[in-house]
Amino acid sequence: MELGDFTKLAKDYVNRVGYSETILRVLCNHIDTQIQRKPKVADVGAGTGKLTENLEDIGLSGYAIEPNDAMRQEGIKLFEGRASFIWSKGTAETTNLPDNCVDWVLMGSSFHWTDAPLALKEFHRILRPSGFFTAIWNPRNLERSDFHMDIENTIKRIVPELHRVSSGSRKNMTGTEQKLVSTPYFENLFLMEATYDVTMSHERYMGAWRSVNDIQAQAGEKRFHQILDMIEEKIYGMDEIIVPYMSRAFTVQSTKK
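For the sequence shown, our numbering gives the first residue as 150, with consecutive numbering after it.
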C-alpha cells in the first residue's frame, strides 16, 4: 500500500466519524451572512462522503469531488436516492467544475495531499466572488485520553520510523496558515476548533483503525497486523470505546470581487 492510495480502504471508511456540526453550522451562518444566501458547496476530496453527509445534515447541497474510484463509488452508494450532491471525478487541482459555481469549497482531512498553490488557484476559479475555502481536519484529541495516547505510543514502538501523515495533529498541520494566504487568491484567515466525543462499538473502532492509510503504508502488512492485534488486546472486554476528537477548520475568503 502506498501513502495516499485509499483504494483498499474504501469499505472501512464507513467506520470513520464525521466532523463537528458546531463548527460547520457556525461557518455556514457566517458565510450566509456575508453573501446573503445559503451557500452552494463543493466538497473536494470527498472520499466516501463523511463531510458531504455532514453538509447535507445542515441543509446544504452542491458537488462532491473525489479522485479515487473506489472511494467515490462508496460515496455514490451512500447518497443513492438523494439529490443534494452531484458526485463526479476530479482533484483539488482539477475539479472539472465550471467557473463561479459555488460559494464555499471544503476539503475534509485531505488538503495536506494537494499541490497547495495549484489547488488554491482552482478553488479561486470555481468560487463566486467573496466565496470561502475551508480546510478541516478531525484528529483524535489524544491529549485528553491516557488510554488512546498509550495506543499511539505503542504503535510508535512497533514502527519507530513512523511519520504520521493523515492524523491531523498540530504537528502535521504546521504551515497550513502560511499556505492558505501564500497566493493572491485568498485572504482573511481564521481558525476554529471544537472538541467532542464519539462512542464506538468494538467492531467500529477496529474498522476505523483498518482505514488508516499512513500507518499501513509505512508499517507494512506484518507490522500492521501486529498493531491491530495489540489494539484488540487493549480493548478486550470493552463493549464500547469513547474516542475524543477535535475538529480544526482553517477558513479563508476569496479575493475575487
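C-beta: ideal position from N, C-alpha, C; glycine also.
Keep in mind the model is a prediction, meaning the values are calculated, not measured.
How about Ala-241 and Gly-194: are their beta carbons less than 8 Å apart?
Along the sequence shown, read from residue 1 onward, the residue named residue 241 stands at position 92. Along the sequence shown, read from residue 1 onward, the residue named residue 194 stands at position 45. Their beta carbons are under 8 Å apart, which means Ala-241 touches Gly-194 by this criterion.
If I measure Cβ to Cβ from Arg-340 and keep anything under 8 Å in the same chain, skipping five residues before and after, which residues do I get?
To locate residue 340, count along the sequence shown from 1; it is residue 191. A quick correction: the sequence has Leu, not Arg, at residue 340. Once the five neighbours on either side are set aside, the close Cβ partners of Leu-340 are Glu-326, Arg-397, Ala-398, Phe-399, Thr-400.
Met-395 versus Asn-337: straight-line alpha-carbon distance, rounded:
Along the sequence shown, one-based indexing puts residue 395 at 246. Along the sequence shown, one-based indexing puts residue 337 at 188. Rounded to whole angstroms, Met-395 to Asn-337 spans 23 Å at the Cα level.
Exposed unless 16 or more other CB atoms sit within 10 angstroms - verdict on Asp-388:
The sequence position of residue 388 within the sequence shown is 239, counting from 1. Flag for Asp-388 reads exposed.
Rank Val-361, Met-220, Gly-230 by C-alpha distance to the C-alpha of Ser-237 and give the top, closest one.
The sequence position of residue 237 within the sequence shown is 88, counting from 1. Looking at the Cα atoms, Met-220 is the closest of the given residues.
Below 8 Å on the Cβ atoms is my contact criterion, and I expect Asn-164 with Arg-372 to pass it. Report the Cβ-Cβ distance as a whole number of Å.
Numbered from 1 along the sequence shown, position 15 holds the residue referred to as residue 164. Numbered from 1 along the sequence shown, position 223 holds the residue referred to as residue 372. In fact, because the Cβ distance is near 21 Å, the residues do not count as touching under 8 Å.
Which residues does DSSP pair with Tyr-394 in a beta bridge?
The residue given as residue 394 occupies position 245 in the sequence shown. Partner(s): Arg-289, Tyr-345.
So who's on the other strand from Glu-389, going by DSSP bridges?
Taking the first residue of the sequence shown as 1, we reach residue 389 at position 240. Answer is Ser-350, bridged to Glu-389.
Exposure label - Glu-310; buried when at least 16 CB within 10 Å
What you label residue 310 is simply residue 161 of the sequence shown in a count that begins at 1. It is exposed - the Cβ of Glu-310 has fewer than 16 other Cβ atoms within 10 Å.
Considering only the alpha carbon of each residue, which of Leu-276, Val-190, Leu-200 lies closest to Lys-406?
Counting from one through the sequence shown, the residue named residue 406 turns up at place 257. Per the Cα distances, Leu-276.
For Val-254 and Phe-228, I'd like the C-alpha separation in whole angstroms.
On the sequence shown, position 105 is the one that residue 254 refers to. On the sequence shown, position 79 is the one that residue 228 refers to. Straight-line Cα distance between these residues: approximately 19 Å.
Please say whether Gly-257 and Asp-363 have beta carbons closer to each other than 8 Å?
Within the sequence shown, residue 363 is the residue found at index 214, counting from 1. Within the sequence shown, residue 257 is the residue found at index 108, counting from 1. No; because the gap between Cβ atoms is not below 8 Å, this pair is not in contact.
Helix, strand or coil: which one does DSSP assign to Ala-232?
Position 83 of the sequence shown, counted from the first residue, corresponds to residue 232. Coil at Ala-232, not helix or strand.
Could you tell me the alpha carbon to alpha carbon distance between Pro-288 and Asn-249, rounded to whole angstroms?
Sequence index remark: in the sequence shown, residue 288 carries index 139 (1-based). Sequence index remark: in the sequence shown, residue 249 carries index 100 (1-based). Roughly 32 Å between the two C-alpha positions.
Please list, in chain order, all residues of the same chain as Ala-368 whose beta carbon is under 6 Å from its beta carbon, the five residues on each side excluded.
The count along the sequence shown starts at 1 and reaches residue 368 at position 219. Closer than 6 Å at Cβ, skipping near neighbours: Val-308.
Please report the distance separating the alpha-carbon of Ala-366 from that of Leu-246.
To locate residue 366, count along the sequence shown from 1; it is residue 217. To locate residue 246, count along the sequence shown from 1; it is residue 97. In a straight line, the C-alpha of Ala-366 is about 31 Å away from that of Leu-246.
So, at 8 Å on beta carbons, what are the nonlocal neighbours of Met-379 in its own chain, with the 5 sequence-adjacent residues on each side left out?
For this step, residue 379 is matched to residue 230 along the sequence shown. These residues qualify, in order along the chain: Ile-300, Thr-303, Ile-304, Ile-307.
Tell me, to the nearest whole angstrom, how far the beta carbon of Phe-234 is from that of Ser-210; I am working on the premise that it is less than 8 Å.
Translated into the one-based positions of the sequence shown, residue 234 becomes position 85. Translated into the one-based positions of the sequence shown, residue 210 becomes position 61. With a Cβ gap of about 6 Å, Phe-234 and Ser-210 count as contacting.
Within a Cβ cutoff of 6 Å, which residues of the same chain sit near Thr-263, ignoring the five residues on either side of it in sequence?
Taking the sequence shown and counting its residues from 1, the one referred to as residue 263 is at position 114. Answer for Thr-263: Ala-241, listed in chain order.
Where does Lys-406 fall in DSSP's three states?
As a working note, residue 406 is residue 257 in the sequence shown. It is coil, neither helix nor strand.
Exposure of Ile-285, with buried meaning 16 or more beta-carbon neighbours within 10 Å:
Counting from one through the sequence shown, the residue named residue 285 turns up at place 136. When all chains shown are included, Ile-285 counts as buried.
Are the Cβ atoms of Leu-173 and Ile-207 separated by less than 8 Å?
Working through the sequence shown from its first residue, we reach residue 173 at position 24. Working through the sequence shown from its first residue, we reach residue 207 at position 58. Against a cut-off of 8 Å, the Cβ pair of Ile-207 and Leu-173 comes out as a contact.
Which residue from Pro-393, His-351, Val-392 puts its Cα closest to that of Glu-382?
Taking the sequence shown and counting its residues from 1, the one referred to as residue 382 is at position 233. Among Pro-393, His-351, Val-392, the Cα nearest to that of Glu-382 is on His-351.
Could you check where the alpha helix (DSSP H) with Asp-248 kicks off and where it finishes?
For this step, residue 248 is matched to residue 99 along the sequence shown. From DSSP, Asp-248 is part of no alpha helix (DSSP H); its letter is neither H nor E.
Candidates Val-166, Glu-202, Glu-170, Cys-177, of which the one nearest Phe-282 by Cα
As a first step, residue 282 must be located in the sequence shown, where it is residue number 133. When each option's Cα is compared against that of Phe-282, the closest is Cys-177.
State buried or exposed for Met-349, treating a residue as buried only when at least 16 other CB atoms are found within 10 Å of its CB.
As a position in the sequence shown, residue 349 is number 200, starting the count at 1. With 16 or more other Cβ atoms within 10 Å, it is buried.
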